[in-house]
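In the numbering used here, the protein residues as written are 856 to 1164.
The beta carbon of each residue, even a glycine, is placed where N, CA and C say it ideally should be.
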Amino acid sequence: MKRGLVVLDPAEIPEAEWRQRIDRVREQLGAEGVEVALVYGDVYRSDDIAYLSNLCIYWNEGMLAIPVDGEPALLTKLSPRVHTWMRRTSTLTDLRSGKAFGALVAALLDERRPGTLGIVDASLWPTALIDEVGAAAPGWVVRPLEGLVRQFRLQPSEPEKSLLRQAGAVLAEAATAADGLPGQEKISAAERVVRSGGFTDVLVRATPTSVEITGQYRNSWLRVARDASLAERLREAVSTVGDGVRTGAVRGARVVHHADLSTDGEYAGQSGDRVLNAGEVVVVAVEDGGAVAADTVLVTNSGTEVLTA
């Protein structure tokens, strides 16, 4: 369960940007001939839903239904008693609760003529849920839409970059606070700083020589890790990152896109050797046994901006 701070503040992300995000998805649906798209999220992987609505799936699971010509609706098995909180902390107004997703999807589709139902990142959905949705959509063509929302999250907007810089400074402070402490004390010291800094979720891993902190700030993820024995190797790896560089060319390091960081990239199925583009945010990490050093960096035209320095 996520236990951190959830914020919806137009001073951070303007209302126009939230509308633009949904509009971009709708435009893509129209181009692909899809009438309705379903975006699935659970407590482990819900960043697409958060990106589109600011809704925090703090527990359980949900689907965001996006019609090509209408307002999005959240389908959830959570009790209606949490609807007030969801409306106050998200951009959504249409919230629908029920005991089963199949019935919720069927009711939603009954409002429309049969057409094409898109399953965003279907390869990452629970198989049983795919079957349940298909059974609830007789007369509809059901097809996968891989990476539909993720493609828009790869290059953060200027307001998102500002939030990432704020978050990076907090993570750097947390790593410094944990430096030199025994293992369990590293965890408590780092988490105290990160939680006080307003993070939504945080995971701290400590070894005798390292501390690794992964955190969600608003709807973006960052990571920092420090180990004195790997500091030089990390600097060398970060120095090779830049616009047009292939991740496979960053030798001795693992590069994970911030859009995939909630699951450490393990569910994303992205290529291990892809071209980086200016404006993307990635984590560069070097490991040696249990030791790890990592920074979150913004790729620029001339190299990188280290956000967690």
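In angstroms, rounded to a whole number, what distance separates the CA positions of residue i and residue j?
i            : j            : result
residue 1156 : residue 1134 : 8 Å
residue 1014 : residue 1052 : 18 Å
residue 1131 : residue 950  : 37 Å
residue 968  : residue 1033 : 58 Å
residue 928  : residue 943  : 15 Å
residue 1067 : residue 868  : 28 Å
residue 947  : residue 903  : 14 Å
residue 1091 : residue 994  : 56 Å
residue 1150 : residue 996  : 44 Å
residue 1061 : residue 1024 : 20 Å
residue 1142 : residue 1059 : 16 Å
Exposed or buried, which one is residue i when buried takes at least 16 other CB atoms within 10 Å?
i            : result
residue 941  : buried
residue 1017 : exposed
residue 986  : exposed
residue 1063 : exposed
residue 883  : buried
residue 1126 : exposed
residue 1041 : buried
residue 1047 : exposed
residue 1043 : exposed
Going by DSSP in three states, residue i sits in which element: helix, strand or coil?
i            : result
residue 864  : coil
residue 1143 : strand
residue 986  : helix
residue 873  : helix
residue 976  : coil
residue 920  : strand
residue 1115 : helix
residue 1083 : helix
Mind reading off the beta-carbon distance from residue i to residue j? Whole number of angstroms is fine, and I expect it under 8 Å.
i            : j            : result
residue 1101 : residue 1129 : 7 Å
residue 852  : residue 910  : Residue 852 falls outside the range modelled here, since the chain spans only 856 to 1164, and no answer is possible.
residue 877  : residue 921  : 7 Å
residue 1107 : residue 1078 : No, residue 1107 and residue 1078 are not in contact; Cβ-Cβ is about 17 Å, not under 8 Å.
residue 1070 : residue 1056 : 7 Å
Examine the ligand ATP and report whether any of its heavy atoms sits within less than 7 Å of the Cβ of residue i.
i           : result
residue 953 : In the structure on display, the ligand ATP does not appear, and there are no ligands present to speak of.
Is the CB of residue i under 8 Å away from at least one CB in chain D?
i           : result
residue 935 : Among the protein chains of the structure shown there is no chain D, as only one such chain exists.
3 or more residues per run - each beta strand (DSSP E) lying fully within the region 993-1069: 996-1000, 1056-1061
Ignoring anything shorter than 4 residues, give me the alpha helix (DSSP H) runs that lie fully in the region 928-966, in order along the chain. 938-944, 956-964
Give the list of continuous beta strand (DSSP E) stretches no shorter than 3 residues that lie fully inside the region 876-906. 891-897
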